[in-house]
Each structure stands twice: as C-alpha cells, then as structure tokens.
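Enquirer: So the sequence shown is numbered by my numbering: it starts at 2 and just counts up by one. Even glycine gets a Cβ: it sits at the ideal position worked out from N, Cα and C. Small disclaimer: the values here were computed from a predicted structure and weren't measured. Take a look at this one; I'll ask things after.
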Amino acid sequence: MLEGNVILQQGTTKLYCDSAYLFSSSNRAAAYGHVHINEADSIHVYGDSALYDGNSKVVRIFENVRLTDRQMVLTTQLLTYRLNERLGIYYNGGTLRSQEAVLTSKTGYYYGDPQTAYFKDSVRLKHPDYRLEADTLEYNTGSDIAYFHGPTTIYNENSTVFCKDGYYVTPTGIAVFNQDARLDNPPQTLLADSIYYDRETGLGKAYGNIVFSDTVQSIIQYSEEALYNEINNVITSTRGSVAGYVMEDDTLFIAGDTIRIEQDSLERNVMFVYPNVRMFKSDFQGVCDSLYYSDADSIIRLFRSPVLWSDSNQFSGDTIFLALKNQQLERMYFKSNGFIINEDDSLIYNQIKGRQITAFFNDNDLYKVTVKGNGESIYFGKDEVDRYLGVNQAQCSDIDMYIKEQQFSRIVFKGKPEAVFTPMQRIDPGTFLLEGFSWQIDRRPKDRAALFQPVEGNQDEGVEENPSLLRSSQKEG
C-alpha cells in the first residue's frame, strides 16, 4: 500500500491520490482520496476513488467525478474512462458544462479527441438563448455544435422547434431541422420535411411537404419550398403553393406559382399570389394572373383577366374585387369591362355587361346584379311553366338584374333603354351573344386537384412576378 501524495505513471498517463493499492500480478491499482488522473496534460479526471487497469488502460472513477479539458467540465458519480480512446462513459446521470451551455442526461459518452460527446435518455441542454430537450444528442464542445438524433425540441424566447434529426450551431444560432420538422411561433406554425433556421436574423427556409398555418387569421398554406421571416412574420412559398382561407364551414383554396403572406404595420395579414392563380371553393371557383388580399378590408383583389364561376354563372372583367363579410362572399365588384354569363340551357346564355358591375350575394348565392354605365343585356324570358318565350336584347346606361334559384328572373332598366324582343320560334339562341362573349368553362377548376395544374387560356403575355404591381393596383382601387 502506498500512502501520502501518491503518484503513479504509465506512459503519458499520471494518477495522483492520497493512497493506493498496487496489484503487480494483474497490473492494476486501487486509488483513494483526491484522485486525479491526467492524460497527456489535456484531459483531467477527478474523483474520490478509482480502479485502474494498466493492461486495458481503463479506469473507473467513483463519487464526485469531474472530467475536464480546455472546453468543458463533465460531472457524474461514476465514470468509466478509456485512456487509449480518450473516452469517458457514464450510465447513471451526468452534467456537462461548456462556456455557456449546461447539458444533462442519464447516459453519456465523451471523446476527448475530437472533443465530442454523445448523450442519451432524458437529454436536457440549457443555454442563455434557448433550451433543448432530446432523446439522443451529439455535442462538440470545441465548435459548440449540437447534432440531433431522435425526437428533439428547442425552446426559444418566442418560438419552439421540433425535429427528429438535424444540428444546431450555438455561436451563430444557425440550425437545420430534418424529419417531421416543426416551428411554432404562435399563432403561426410551420411544418416541413426540412427547415433551415437562423436564430439571429429570424430567417428560415423550408423544403418538402410544407404546411404553414395561422390560427388567428384562419389561413393555412401548402408548398414544397418556402422562405420564412420570423421577425416580420412573412412567409413566401413556391413550388406547388396553395393557401386555404377558412370561411365558415368551408375553405377557399388559392394556388399560384408564388404565395406570400405578411403583416402590415397594424399586424393585419396581407396575401399576395402570383402568377397563374387558381381558386377553388365548393360554391365558386376562379382563375386570374395575380391576387391580393388584406384582412384590413376583407377584400380579395383579382388582376389581369380574372374569370370566376358560381353555379351556372361566369364572371369576368379587367379587375374583380371580392368583398367578404363574416367569412362569406357578400359582393363582387367589376372595375371595368364587367361581363356576367348565366348558362340557362344548352346554347342559351343570359348575359349582362357594362363599365362597372356589382354582384350581390346572400349566403354565397347570387341574387342581384347592378350595372353602372354602358349597360347591355341579353335575357331569355320564360312563361309560368318555364317555357322560353323569346329573347330580349337591350342597351341601357344602368341595369338591375335579379336572380332566383340560380336563374335570371327579372331585369329592370333605369332610364330609357333601347330594347328588342324576338320570339323563340324566330331565333337561333346560339347566335345571341354580346360583343366580348367568351364562355370559358374549360378553365374552371373542377376540384382541389386542379389547383396543381397550370392555368390555360386567356392569360396576358409577359407577366411580371412582382407584388409591387398588386400594391399599386390596390392603391388605385
């Protein structure tokens, strides 16, 4: 037995203690009191007692154990240290402290070279800027990079991130989250296959099966690629972009090459969609080049050759505004060259056009149309048993048209109309078409799946993918 400031050495390994038993036949030693093991002046292990095997160069340290290097301190109550591998292992709970982070787990493996630790079971990491919980974590004390292997949750001041694989660079705040990645920034949530996130700038990029939702604004957005600004609450989606706006017990889905949702100075949501816009709701559908929506006035603005359909009605114009109230369509404004077609029967189309048109809805059903300026109409009248009597062609500055059960039922001319009535037996209904008539039923989205198909038909050439166009149009409106 050796006592008093005992020093044992094997190669570059030194063991210090108060007392020790040497077992020469087995090349082992038992050390007691103020145990200190030093490996090549870089790794230091401390404890109350230790068992050292000189053959395998494995030491087990007991009670109040500390393992230190230049970057961190690891504490536990029982540590197995393999000197050849510079590997420390604990199975009964331990704590690692680096410059700013504190990490705890039930099981841990620390490699002195390359200063990497693996932690399993109830992993907890605390940092001044965030808190992390994981099933399995790999942590490099030199670079301060954490790698996730298994379910992991990161809590920031204003947001929470979940994933099953990825990494986090502590000094820069840059992270990559893979496998069921989720970013919660209430009331907004972002889901994706992968998310790249920069904590310092609040910028993120998402890829694959993206779902973005805002529970306050009742908006949900789907895409395959997106850019997210956490600070300004802006998300820009591309590739398969579809946004859903909840309206009572139904949802209006809007698709486009690019969808951007952001907040104005009063924290109200605005949405830009451009180009190749498609819309689908169970009771109306539409296409246009570009779209702008604001919570400030609950108006959806459709630009560049918009066409809408509701039941047997088609609406078109240079620009169309959809006014929503209580999550229902209340009015439809046609700023210029408005044209409404009602398909009453095969080759029979009631029509109304004018400079400015307003269509009124009740419970999402069209019930009245008003025309202001350059009004023209073609209306097929019926008798009390629903037989066609003839066609009325009229021109009048202002016109009111009333609709009942999806059919044009009554027309009122304000002023002095120029009108001609022709009996049915003397006409070919298919030839009674106002100038500019264009029945575009083939462009009508038939279901949600059609939103992922490109727009065909009367789209303007040279479309600019520039939301500033939408802003300027909004101001003009």
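What does the Cβ neighbour count give for V370, buried or exposed, with the cut at 16 atoms within 10 Å?
Expert: By the neighbour-count rule (16 or more Cβ atoms within 10 Å), V370 is buried.
Enquirer: Would you list the one or two residues that DSSP bridges to S106?
Expert: Partner(s): G95.
Enquirer: In whole angstroms, what is the alpha-carbon distance linking F304 and T259?
Expert: About 15 Å.
Enquirer: Would you list, in sequence order, the uninterrupted beta strand (DSSP E) runs of no fewer than 3 residues that lie entirely inside the stretch 117-143?
Expert: List check, beta strand (DSSP E) in window: 117-128, 131-141.
Enquirer: For W310, which residues in the same chain have their Cβ closer than 8 Å to its Cβ, ignoring the five residues on either side in sequence?
Expert: The answer, listed in chain order, is F285, Q286, G287, F316, I442, R445.
Enquirer: If you draw a straight line from the alpha carbon of L88 to that of E134, how long is it in whole angstroms?
Expert: When rounded, the distance between both Cα atoms is 24 Å.
Enquirer: Can you name the start and end residues of the beta strand (DSSP E) that G245 belongs to?
Expert: Looking at the DSSP string, the run of the beta strand (DSSP E) that includes G245 is 235-248.
Enquirer: Looking only at its own chain, which residues have a Cβ that is under 6 Å from the Cβ of K17, when we skip the five neighbours before and after it?
Expert: The sequence as given places Tyr at residue 17; Lys does not occur at that position. Only I8, H37 meet the Cβ criterion.
Enquirer: Is T142 buried or exposed, if buried means 16 or more other CB atoms sit within 10 Å of its CB?
Expert: It is buried - the Cβ of T142 has at least 16 other Cβ atoms within 10 Å.
Enquirer: Using a Cβ-Cβ cutoff of less than 6 Å, which residues in the same chain neighbour T252 once the five nearest sequence positions on both sides are dropped?
Expert: Counting only Cβ-Cβ distances below 6 Å, and skipping sequence neighbours, we find G245.
Enquirer: State the DSSP-derived secondary structure class of Q100, mapped to helix, strand or coil.
Expert: Here Q100 sits in coil by DSSP.
Enquirer: Helix, strand or coil for M425 per DSSP?
Expert: Looking at M425 - three-state DSSP - the assignment turns out to be helix.
Enquirer: Kindly give me the distance between the Cβ atoms of K373 and R388, rounded to whole angstroms, as I take these residues to be in contact under 8 Å.
Expert: Contact doesn't hold; Cβ gap of about 33 Å is too wide.
Enquirer: Rounded to a whole number of angstroms, what is the C-alpha to C-alpha distance between Y294 and G257?
Expert: Using only the alpha carbons, I get a separation of about 14 Å.
Enquirer: Do T117 and D136 have their C-beta atoms within less than 9 Å of each other?
Expert: Cβ distance not < 9 Å, so T117 and D136 don't count as in contact.
Enquirer: Applying the criterion that 16 or more other CB atoms from any shown protein chain within 10 Å of the CB defines a buried residue, is L138 buried or exposed?
Expert: Its Cβ being crowded by 16 or more others within 10 Å, L138 is buried.
Enquirer: Can you tell which of F254, D130, G48 has the C-alpha that lies nearest to the C-alpha of D199?
Expert: Minimum Cα distance to D199 is reached at D130.
Enquirer: For E225 versus N186, is the C-beta spacing smaller than 9 Å?
Expert: Cβ atoms of E225 and N186: not closer than 9 Å.
Enquirer: What does W310 pair with, by DSSP beta-bridge criteria?
Expert: Answer by DSSP bridge pairing, in chain order: Q286, Q315.
Enquirer: Leaving out five residues before and five after E40 in sequence, what residues of the same chain have Cβ atoms less than 6 Å from its Cβ?
Expert: Excluding sequence neighbours, E40 sits near T14, L84.
Enquirer: Run the CB neighbour count on N343, radius 10 Å, all protein chains shown included, and call it buried at 16 or more, exposed below.
Expert: N343 is buried by the Cβ-count criterion.
Enquirer: If I follow the unbroken beta strand (DSSP E) through G257, where does it start and stop?
Expert: Element bounds for G257: 251-264.
Enquirer: Which residues in the same chain as D166 place their Cβ atom closer than 7 Å to its Cβ, once the five residues preceding and following it in sequence are excluded?
Expert: Hits under 7 Å: F149, H150, N179, Q180.
Enquirer: Can you give me the C-alpha to C-alpha distance between L23 and E4, rounded to a whole angstrom?
Expert: Their Cα atoms are separated by approximately 11 Å.
Enquirer: Tell me which residue opens and which closes the beta strand (DSSP E) that G174 is part of.
Expert: Element bounds for G174: n/a, residue is neither H nor E.
Enquirer: Since R444 sits in a beta bridge, which residues does DSSP pair it with?
Expert: The partner list for R444 (beta bridge, DSSP) is empty, contrary to what the question assumes.
Enquirer: Going by C-alpha distance, which of L75, P172, V74, Y229 is nearest Y197?
Expert: When each option's Cα is compared against that of Y197, the closest is Y229.
Enquirer: Candidates P430, I404, N56, I400: which alpha carbon is nearest K417's?
Expert: Here the closest residue by C-alpha is I400.
Enquirer: By how many angstroms is the C-alpha of T202 removed from the C-alpha of F340?
Expert: Roughly 48 Å between the two C-alpha positions.
Enquirer: Span of the beta strand (DSSP E) holding G5?
Expert: G5 -> beta strand (DSSP E) spans 3-11.
Enquirer: Closest by CA to G391, which one among S398, C397, G382?
Expert: Considering only alpha carbons, the answer is G382.
Enquirer: Helix, strand or coil: how does DSSP classify F433 here?
Expert: If DSSP states are grouped into helix, strand and coil, F433 belongs with coil.
Enquirer: Taking the C-alpha atoms as reference points, what is the distance between D296 and L191?
Expert: Each residue's alpha carbon lies about 21 Å from the other.
Enquirer: Can you tell me which residues form a DSSP beta bridge with F322?
Expert: DSSP lists R302, Y334 as partners of F322.
Enquirer: When DSSP labels each residue in this structure, what does R449 get in the three-state scheme?
Expert: R449: helix per DSSP, three-state reduction.
Enquirer: Determine the direct distance from the alpha carbon of F362 to that of G209, and round the result to whole angstroms.
Expert: In a straight line, the C-alpha of G209 is about 39 Å away from that of F362.
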